[in-house]
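Since the structure comes first, as structure tokens, the remarks are kept for the end.
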Amino acid sequence: MSQPALNDNIVTWTFQNYAAIVGLLSGLAICALVLYIYSRSGSLIFLRDLMWRFFGGSTTFENPKYEATRKDLREVEYYRFEFNIPAQNLEHARQADKWITDNHFSYNDVARIRKYIDWKDFTQLSLKEAMITPFKRNLYLGLGIFFLAIISITPPLADSSYLMVSLKKAADVPSFYLSENNAKFHFWPSETLSVDECKSPTALEKFYNEDFSESTINTICTLFLSPTYGENVKTGLKEQKGFLLFIACLSICAVFCILTKLSRLGVARKLHDQMTAQSTNTTAETAAQP
139 MSQPALNDNI
149 VTWTFQNYAA
159 IVGLLSGLAI
169 CALVLYIYSR
179 SGSLIFLRDL
189 MWRFFGGSTT
199 FENPKYEATR
209 KDLREVEYYR
219 FEFNIPAQNL
229 EHARQADKWI
239 TDNHFSYNDV
249 ARIRKYIDWK
259 DFTQLSLKEA
269 MITPFKRNLY
279 LGLGIFFLAI
289 ISITPPLADS
299 SYLMVSLKKA
309 ADVPSFYLSE
319 NNAKFHFWPS
329 ETLSVDECKS
339 PTALEKFYNE
349 DFSESTINTI
359 CTLFLSPTYG
369 ENVKTGLKEQ
379 KGFLLFIACL
389 SICAVFCILT
399 KLSRLGVARK
409 LHDQMTAQST
419 NTTAETAAQP
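Heads up, the sequence shown is in this note's numbering, so the first residue is 139 and it goes up one at a time.
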């Protein structure tokens, strides 16, 4: 297929399915937004209120006690969403505020490290020290370097003219690499097996070894005889390139997530050191008093 024809097909397909694609992406975006709000606020009372008002339901209670309870529930939900603190009632909110104020923290820092704080008892809030050890930091750094290495080697692999394959009926034979004109048996540059060499038994002898026996080499040579060999390799290369680019995209997302983790870990470590220093100063001042 020529390049202009391919481009025409892409444009036609895109515009023919534009409405369906936009609808699907819009639905996914709305679901993602609702899930994000729920993950922070812990409830969707505001959405229920919106639906209730839309159908003409009353928005207030005549009973003052019920009305105060209604306002408290919505106040707590807004508090959870705004500050990312999993308070279950206004008393929890007051206790969290006291802990933040006493330790001179900022609400923004606390919101970022929600998972690093033990919220089981709001009267004794503390950081989860097991999650902010140097081992955790080194682990994330190692993973980041690993995914960066994948990102760096993926582009040259995706541009390779060789397709990595293996023989279905010979599981013990290592994978090898096919191009439109020849085959090679190592990832790095090495001797290639071409159609011309397949015609000469003497030329084939240099390819025989423990991994690739004479029968295996002959099987590989028969691949060149297929009338669709070139097209099959082209199709395989496209799929291989798509797979490698997919791996690269996943690695980029992983690096982004790891950087976010490291940033939050740094904030948690900063707050931990701040609490430790403040506790030490308080102890020293108490000991210095007569």
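All C-beta atoms, glycine included, are put in the ideal place defined by N, C-alpha and C.
Range covered by the alpha helix (DSSP H) that runs through residue i
{"i": "A321", "result": "Unbroken run through A321 is the beta strand (DSSP E), N320 to K322; no alpha helix (DSSP H)."}
{"i": "M269", "result": "From DSSP, M269 is part of no alpha helix (DSSP H); its letter is neither H nor E."}
{"i": "T330", "result": "No alpha helix (DSSP H) holds T330; the beta strand (DSSP E) holding it covers T330 to S332."}
{"i": "R252", "result": "Looking at the DSSP string, R252 is not in any alpha helix (DSSP H), and its letter there is neither H nor E."}
{"i": "H230", "result": "L228 to D240"}
Delimiting residues of the beta strand (DSSP E) encompassing residue i
{"i": "S317", "result": "No beta strand (DSSP E) holds S317; DSSP gives it neither H nor E."}
Option in the options with minimal Cα separation from residue i
{"i": "I355", "options": "T366, L363 and E343", "result": "E343"}
{"i": "D259", "options": "F243, N227 and S290", "result": "N227"}
{"i": "D349", "options": "I385, I168 and A309", "result": "A309"}
{"i": "R407", "options": "Y254, A287, W237 and F219", "result": "Y254"}
{"i": "V393", "options": "S328, I289 and L361", "result": "I289"}
{"i": "L363", "options": "S389, A225 and C336", "result": "C336"}
{"i": "Q412", "options": "V160, D187, R208 and N241", "result": "N241"}
{"i": "N222", "options": "N201, V248 and Y204", "result": "V248"}
{"i": "K225", "options": "A268, E200 and S181", "result": "Just to set this straight, residue 225 is Ala in the shown sequence, not Lys. Nearest C-alpha to A225: S181."}
{"i": "F345", "options": "L163, W326 and K322", "result": "K322"}
{"i": "L279", "options": "D297, K399 and A268", "result": "K399"}
{"i": "L185", "options": "Q378, Y216 and T207", "result": "Y216"}
{"i": "T414", "options": "E267, V303, V371 and N370", "result": "E267"}
{"i": "N347", "options": "I159, P312 and K372", "result": "P312"}
{"i": "K236", "options": "Q262, R252 and N246", "result": "Q262"}
Three-state secondary structure assigned by DSSP to residue i
{"i": "I385", "result": "helix"}
{"i": "D349", "result": "coil"}
{"i": "L162", "result": "helix"}
{"i": "I358", "result": "helix"}
{"i": "D247", "result": "helix"}
{"i": "L305", "result": "coil"}
{"i": "D256", "result": "strand"}
{"i": "G282", "result": "helix"}
{"i": "S179", "result": "helix"}
{"i": "Y300", "result": "coil"}
{"i": "K344", "result": "helix"}
{"i": "P327", "result": "coil"}
{"i": "N222", "result": "coil"}
{"i": "S196", "result": "coil"}
{"i": "N147", "result": "Low per-residue confidence applies at N147: pLDDT is 43, beneath 50, and the placement is therefore not dependable, though the value from the model is reported in the following sentence. Helix."}
{"i": "S417", "result": "helix"}
{"i": "S140", "result": "Annotation note: pLDDT 43 at S140 (below 50); position unreliable, coordinate value reported separately. DSSP places S140 in coil when its eight states are reduced to three."}
{"i": "N201", "result": "coil"}
{"i": "D310", "result": "coil"}
{"i": "K337", "result": "coil"}
{"i": "T366", "result": "coil"}
{"i": "T152", "result": "Reliability fails at T152, whose pLDDT of 45 lies under 50, so the model's placement of it is uncertain and the value that follows must be treated cautiously. Here T152 sits in helix by DSSP."}
Beta-carbon proximity of residue i to residue j, cut-off 8 Å
{"i": "F275", "j": "L403", "result": "Looking at the sequence provided, one finds Arg at residue 275 rather than Phe. Contact: yes."}
{"i": "L295", "j": "T357", "result": "no"}
{"i": "N320", "j": "S332", "result": "yes"}
{"i": "A231", "j": "V214", "result": "yes"}
{"i": "I183", "j": "L211", "result": "yes"}
{"i": "S264", "j": "D256", "result": "yes"}
{"i": "R466", "j": "S179", "result": "Because the chain spans 139 through 428 in this model, residue 466 falls outside it and cannot be assessed."}
{"i": "L301", "j": "G380", "result": "no"}
{"i": "S328", "j": "S299", "result": "no"}
{"i": "L388", "j": "T292", "result": "no"}
{"i": "E205", "j": "T197", "result": "no"}
{"i": "I270", "j": "H410", "result": "yes"}
{"i": "L281", "j": "I385", "result": "no"}
{"i": "F285", "j": "V303", "result": "no"}
Taking contact to mean at least 3 C-beta pairs separated by less than 8 Å, is the region 161-168 in contact with the region 189-198? The way I'd put it, the region 161-168 doesn't touch the region 189-198; fewer than three beta-carbon pairs between them come closer than 8 Å.
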